[in-house]
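Protein chains: 2
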Amino acid sequence: MESLERYFPFWPRLSTALQNRLQSAARERHFAKSEPIRGGEDGCLGLLLVKFGQLRVFTVSAEGKELTLYRLLPGDLCLFSASCILPGIRFDVLLSAEQDTTVLQIPAQVYRSLMQESAAVANYTSELMAAHFSDVMWLMDQILNQKLDSRLAALLLEESELISSDTLTVTHEQLANHLGSPRETITRMLRYFQNEGLVRLGRGKMVLTGRRQLLILAQNSRR
Amino acid sequence: MESLERYFPFWPRLSTALQNRLQSAARERHFAKSEPIRGGEDGCLGLLLVKFGQLRVFTVSAEGKELTLYRLLPGDLCLFSASCILPGIRFDVLLSAEQDTTVLQIPAQVYRSLMQESAAVANYTSELMAAHFSDVMWLMDQILNQKLDSRLAALLLEESELISSDTLTVTHEQLANHLGSPRETITRMLRYFQNEGLVRLGRGKMVLTGRRQLLILAQNSRR
């Protein structure tokens, strides 16, 4: 097991006993692409640290509509997989692996004991939550103030960047789930994009053909 | 100055020195109704504890559209007035007094020193942020999944409850700012409500005349 030192900025401020407790509790786990990631019997996964791959963090409304909150890439830490140990959190987020993914898992009760004993860990947890909170506030601003064409253009470019290719294999359903929109609305917008020469839709894939125009559209959404 | 003991659950876990630091730094401040509340020269107000009155916490988009995030009532603590001391926060929230309001103000640098020295204070801060985060997630779900008529009905009932009266003096503009909607949309919806017998619109005021139907509408929004 590699040292956790490079993942946790509070590491130098932990006593040797707490460093050992954290190090010996970490377990490596693997998730296959598209695998939903669930908690244990208590519904609590614990803290997940992404080593390789990509996780998607999303919510589901009572009507079953999904909305992507953010993605976690190598080096990122998932706090809400341990939301059971965060008093005050009254919402659920779900996780899925978007690629074959390897994580380090820190059991919830171990992380909780560190938070309670070390102000450095507690403040780091606050900071992480603040960063996620900021992402969600940005997203809410997008939803309230930006048109769907801008948000879809930005999403297509982001997907393309994540896989370093102009050919995307996402489905209309997946795009709709990222944006919290009905599938039909996304299909209609994609057909409009195709008519405008921005994308070419194929069976099970789409190719970005108007990257520059997509960028202009997306930048409208980022002001 | 009254003791802060009853406001802060972490009080018994502070050393006497830290208790004294917190107690002696607290200052009482008053804000008149409708007064916008601004930070000092560094833009940072510090932590505000509401003793009497009511504060509104809201955001403003680049286009100037407001959205109410939540209200703070007596006993509530405003964390984001001290967001300058929370690393990771990359969004601004604004505050205004909705009634004549008295707060206790804890300077940012004093609260920061407590967070750094005491795990109990750091964890309490996390918990407070988690509660605000949960409010915002609930709001986002509303915005994405609930129709405006439900949200407006819920808002009218909430306003009425806050002032314990069926006669509201809020303007259409203020309601629009709470909901993040254009003023014209709210006016149109209120006229529809009036036609349905839910409200009676007057000069500078409106009276809730169909509380039961408003409740049914609003409950659709809370599932």
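Protein sequences, first through last, are from chains F and W.
In terms of my numbering, the first sequence opens at residue 988 and continues consecutively.
In terms of my numbering, the second sequence opens at residue 988 and continues consecutively.
All C-beta atoms, glycine included, are put in the ideal place defined by N, C-alpha and C.
Can you check which of these residues, the options, is closest to residue i by C-alpha distance?
i: residue 1186 of chain W; options: W:1156, W:1074, W:1022 and W:1092; result: W:1156
i: residue 1067 of chain W; options: W:1113, W:1040 and W:1087; result: W:1113
i: residue 1048 of chain F; options: F:1193, F:1166 and F:1189; result: F:1166
i: residue 1104 of chain W; options: W:1001, W:1139, W:1063 and W:1182; result: W:1001
i: residue 1120 of chain W; options: F:1056, F:1061, F:1177 and F:1007; result: F:1056
i: residue 996 of chain F; options: F:1115, F:1058 and F:1054; result: F:1115
i: residue 1079 of chain F; options: F:1051, F:1098, F:1100 and F:1046; result: F:1046
i: residue 1060 of chain W; options: W:991, W:1042, W:1191 and W:1053; result: W:1042
i: residue 1050 of chain F; options: W:1141, W:1129, W:1203 and W:994; result: W:1129
i: residue 1031 of chain W; options: W:1176, W:1158, W:1063 and W:1097; result: W:1097
i: residue 1111 of chain F; options: W:1073, W:1082 and W:1142; result: W:1073
i: residue 1198 of chain W; options: W:1011, W:1139 and W:991; result: W:1139
Does any residue of chain F have a CB that is nearer than 8 Å to the CB of residue i?
i: residue 1164 of chain W; result: no
i: residue 1074 of chain W; result: yes
i: residue 1106 of chain W; result: yes
i: residue 1083 of chain W; result: no
i: residue 1001 of chain W; result: no
i: residue 1132 of chain W; result: yes
i: residue 1167 of chain W; result: yes
Is the Cβ of residue i closer than 8 Å to any Cβ of chain W?
i: residue 1097 of chain F; result: no
i: residue 1193 of chain F; result: no
Is residue i near residue j, with beta carbons less than 8 Å apart?
i: residue 1090 of chain F; j: residue 1036 of chain F; result: yes
i: residue 1013 of chain F; j: residue 1093 of chain F; result: yes
i: residue 1109 of chain F; j: residue 1095 of chain W; result: no
i: residue 1034 of chain F; j: residue 1065 of chain F; result: yes
i: residue 1069 of chain F; j: residue 1024 of chain F; result: no
i: residue 1075 of chain F; j: residue 1118 of chain W; result: yes
i: residue 1162 of chain W; j: residue 1173 of chain W; result: yes
i: residue 1126 of chain F; j: residue 1205 of chain F; result: no
i: residue 1086 of chain W; j: residue 1020 of chain W; result: yes
i: residue 1195 of chain F; j: residue 1153 of chain F; result: yes
i: residue 1207 of chain F; j: residue 1137 of chain F; result: yes
i: residue 1168 of chain W; j: residue 1135 of chain W; result: yes
i: residue 1170 of chain W; j: residue 1183 of chain W; result: no
i: residue 1132 of chain F; j: residue 1053 of chain F; result: no
i: residue 1088 of chain W; j: residue 1180 of chain W; result: no
Under 9 Å Cβ-Cβ, which residues of chain W neighbour residue i?
i: residue 1128 of chain F; result: 1046, 1048, 1049, 1054 and 1078
i: residue 1118 of chain F; result: 1074, 1075, 1076 and 1077
i: residue 1102 of chain F; result: 1106, 1109, 1110 and 1113
Under 9 Å between beta-carbons, which chain F residues line up against residue i? List them in chain order, please.
i: residue 1196 of chain W; result: Those within 9 Å of residue 1196 of chain W in chain F number zero; the least Cβ separation is about 30 Å.
i: residue 1274 of chain W; result: It is not possible to answer for residue 1274 of chain W, since the shown part of chain W is limited to 988 through 1210.
Could you check whether the Cβ of residue i sits closer than 7 Å to any heavy atom belonging to the ligand NAD?
i: residue 1205 of chain W; result: For the ligand NAD, the structure offers nothing, since it holds no ligand at all.
Quick one: which chain F residues come within Cβ less than 8 Å of residue i?
i: residue 1062 of chain W; result: What residue 1062 of chain W touches in chain F: nothing, since even the nearest Cβ is about 16 Å away.
i: residue 1125 of chain W; result: 1077 and 1078
Residue i touches chain W at which residues, Cβ-Cβ below 8 Å?
i: residue 1121 of chain F; result: 1075, 1076, 1077 and 1078
- Report the residue ranges of all alpha helix (DSSP H) runs contained in full by the region 996 to 1075 of chain F; include only those spanning at least 4 residues, in chain order. Secondary structure in the region 996 to 1075 of chain F: the alpha helix (DSSP H) runs of 4 residues or longer, each lying completely within the stretch, are 1003 to 1012 in chain order.
- Message: Please give me, in chain order, every unbroken run of the beta strand (DSSP E) with length at least 3 that falls completely inside the region 1152 to 1204 of chain F.
- Response: 1186 to 1189 and 1192 to 1195
- Tell me the start and end of each unbroken alpha helix (DSSP H) in the region 1075 to 1125 of chain W that is at least 4 residues and wholly inside, in chain order. 1095 to 1104
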